[in-house]
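Colleague: First the structure, which I've put down as structure tokens, then a few questions once you've had a look.
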Amino acid sequence: MKLKTLVILTAVLAVSSCASTKGDKNNQLSKETLAALEKMPKHDVAEPPYPAVPLLSQVLPNEIAKNRANLQSQIAKADGKTRVYFNKKADGQGNRAVVKNKTASEFYRVIYGQTQNGDCAVQNFYTANDTPQNEPVVLKKADCRKWNAGYVGDTLQMFYTPDGKSVQNPVVWLKNNQPQAFLAETQDAAVLTQPVAALMMKRTILNKTKAANEPRHLVVECVFNVQNRQMAYLTTYQANGVTKRFEMTNGQVNPQRIFVWLPTGHKVMDSYPADRLGNLQNTLVSMCGLN
Numbered sequence: 187m188k189l190k191t192l193v194i195l196t197a198v199l200a201v202s203s204c205a206s207t208k209g210d211k212n213n214q215l216s217k218e219t220l221a222a223l224e225k226m227p228k229h230d231v232a233e234p235p236y237p238a239v240p241l242l243s244q245v246l247p248n249e250i251a252k253n254r255a256n257l258q259s260q261i262a263k264a265d266g267k268t269r270v271y272f273n274k275k276a277d278g279q280g281n282r283a284v285v286k287n288k289t290a291s292e293f294y295r296v297i298y299g300q301t302q303n304g305d306c307a308v309q310n311f312y313t314a315n316d317t318p319q320n321e322p323v324v325l326k327k328a329d330c331r332k333w334n335a336g337y338v339g340d341t342l343q344m345f346y347t348p349d350g351k352s353v354q355n356p357v358v359w360l361k362n363n364q365p366q367a368f369l370a371e372t373q374d375a376a377v378l379t380q381p382v383a384a385l386m387m388k389r390t391i392l393n394k395t396k397a398a399n400e401p402r403h404l405v406v407e408c409v410f411n412v413q414n415r416q417m418a419y420l421t422t423y424q425a426n427g428v429t430k431r432f433e434m435t436n437g438q439v440n441p442q443r444i445f446v447w448l449p450t451g452h453k454v455m456d457s458y459p460a461d462r463l464g465n466l467q468n469t470l471v472s473m474c475g476l477n
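If you want our numbering, it's the position in the sequence shown, counting the first as 1, plus 186.
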């Protein structure tokens, strides 16, 4: 697979440690764990480098241009004049009622046109200063005048702050309302040696055990095939020096292609029983924020 067909999403996770053995303190592998891993078959596979993360500002212009071109190509009947005004106050579910005039609204929606299926291409704006609240999207026909609406097709869900310049995190590529890839900014000095704004997101997995150990930091690199928006592989960089890579086939983890690099320099292949692959797949998807 060529690098040009991949888009990298890096996530910084603060993962609470599960119940550990006496030798597994301070994020160090226990002797028992090392011994077990070193007995696995060794494979001559190069260890992935620590992820180099591009700036969000470097990738967003291309993503925005791609989204706008995609939206423009779908418009069969142009409009651009119709405006829908939404109430200043939202209800308990976040819905906003349509109001008749601009002065009673906080946001308004410009309908740029309709697709051949009758869906609508729209963009929301802040009433106070007429700056964009989001990037243009295509909404279902029935939702053109609804505040909480369902997206159609490939959509870049991207919101702006009221100044119309700053991007609110995260930016998400959706396909028929389902998240496909996240583009977001974060920094974590405990993991990264310098502040980095990038194709990143920060998540915390809460510890459900009674262990009282300090949270562990885990950098996760999720790589997607941009042609089908499926995961190609996922690499974890653990604070204890262990690197693990899960390769995917058609978006599903390949049990024959799970590699581990130990801090001792050993390269081994990990294995998972067939009855655990489903749980493993769900965990990997969760790490990349796709559930």
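Glycine included, C-beta positions come from ideal geometry on N, C-alpha and C.
1) Mapping the DSSP letters down to three states, classify M455 as helix, strand or coil.
2) Under 8 angstroms, do G266 and Y298 count as touching if we go by C-beta distance?
3) Between which two residues does the beta strand (DSSP E) holding N440 run?
4) Which residues in the same chain have their Cβ closer than 6 angstroms to the Cβ of M473, if we skip the five residues on either side of it in sequence?
5) Can you tell which of M417, L463 and L448 has its C-alpha closest to the C-alpha of M226?
6) Report yes if the C-beta distance between A335 and P322 is below 8 angstroms; otherwise report no.
7) Tell me which same chain residues have a C-beta within less than 6 angstroms of the C-beta of R282, skipping the five on either side of it?
8) Under DSSP, the alpha helix (DSSP H) around N273 begins and ends at which residues?
9) Using 8 angstroms for Cβ pairs, my map puts F293 next to T313. What's the rounded Cβ distance?
10) Go to S472, then tell me how far its alpha helix (DSSP H) extends in each direction, as first and last residue.
11) Is P322 helix, strand or coil by DSSP?
12) Find the nearest neighbour of A328 within the set Y423, F311 and Q300, judged by alpha-carbon distance.
13) Starting from the C-beta of N256, find all residues in its chain whose C-beta is less than 7 angstroms away, skip the five residues before and the five after it, and write them out in chain order.
14) Can you pull the DSSP bridge partners for G299?
15) For the candidate residues K430, N320, V338 and T429, whose alpha-carbon lies nearest to that of K351?
16) DSSP three-state label for P381, please.
17) Helix, strand or coil for T289? Go by DSSP, reduced to three states.
18) Using CA coordinates, which residue listed in R295, L215 and L223 is at the minimum distance from H452?
19) Quick check: what's the CA-CA separation for R269 versus N468?
20) Between Y419 and the rest of its own chain, which residues show a CB-CB distance below 7 angstroms, the 5 nearest in sequence each way excluded?
21) Using alpha carbons as the reference points, say which of K228, L215 and V358 lies closest to F445.
22) Work out the CA separation of L220 and P348 for me, nearest whole Å.
23) What do you get for R462, buried or exposed, if any count of 16 or more other CB atoms within 10 angstroms of its CB means buried?
Modeller: On the basis of the data shown:
1) In the three-state scheme derived from DSSP, where H, G and I count as helix and E and B as strand, M455 is classed as strand.
2) Yes, they are a contact pair.
3) For N440, the enclosing beta strand (DSSP E) begins and ends at Q438 to W447.
4) Counting only Cβ-Cβ distances below 6 angstroms, and skipping sequence neighbours, we find V406.
5) If we check each option's Cα against that of M226, L448 comes out closest.
6) No, they are not a contact pair.
7) Closer than 6 angstroms at Cβ, skipping near neighbours: F272, N273, A276 and W333.
8) It is not in any alpha helix (DSSP H) - N273 instead sits in the beta strand (DSSP E) that spans K263 to N273.
9) At roughly 6 angstroms, the Cβ-Cβ gap stays under 8 angstroms, so F293 and T313 are in contact.
10) Counting along the chain, the alpha helix (DSSP H) containing S472 begins and ends at L463 to M473.
11) Here P322 sits in coil by DSSP.
12) In terms of Cα proximity to A328, the closest of Y423, F311 and Q300 is Q300.
13) D340, listed in sequence order.
14) The bridge partners DSSP lists for G299 are A264 and A307.
15) Taking the Cα of K351 as reference, the smallest distance to any Cα among K430, N320, V338 and T429 is reached at N320.
16) The predicted position of P381 is uncertain, since its pLDDT is 28 and thus under 50; a value taken from the coordinates is nonetheless stated next. In this structure, P381 counts as coil in the three-state DSSP scheme.
17) Correct three-state label for T289: helix.
18) Of the listed residues, the one whose Cα sits closest to H452 is L223.
19) Their Cα atoms are separated by approximately 42 angstroms.
20) Within the same chain, Cβ atoms closer than 7 angstroms to the Cβ of Y419 are found at V409, R431, F432, E433 and M434, the five residues on either side in sequence being excluded.
21) It is K228 whose Cα lies nearest to the Cα of F445.
22) Between the C-alpha atoms of P348 and L220 there is a straight-line separation of about 53 angstroms.
23) Label assigned to R462: exposed.
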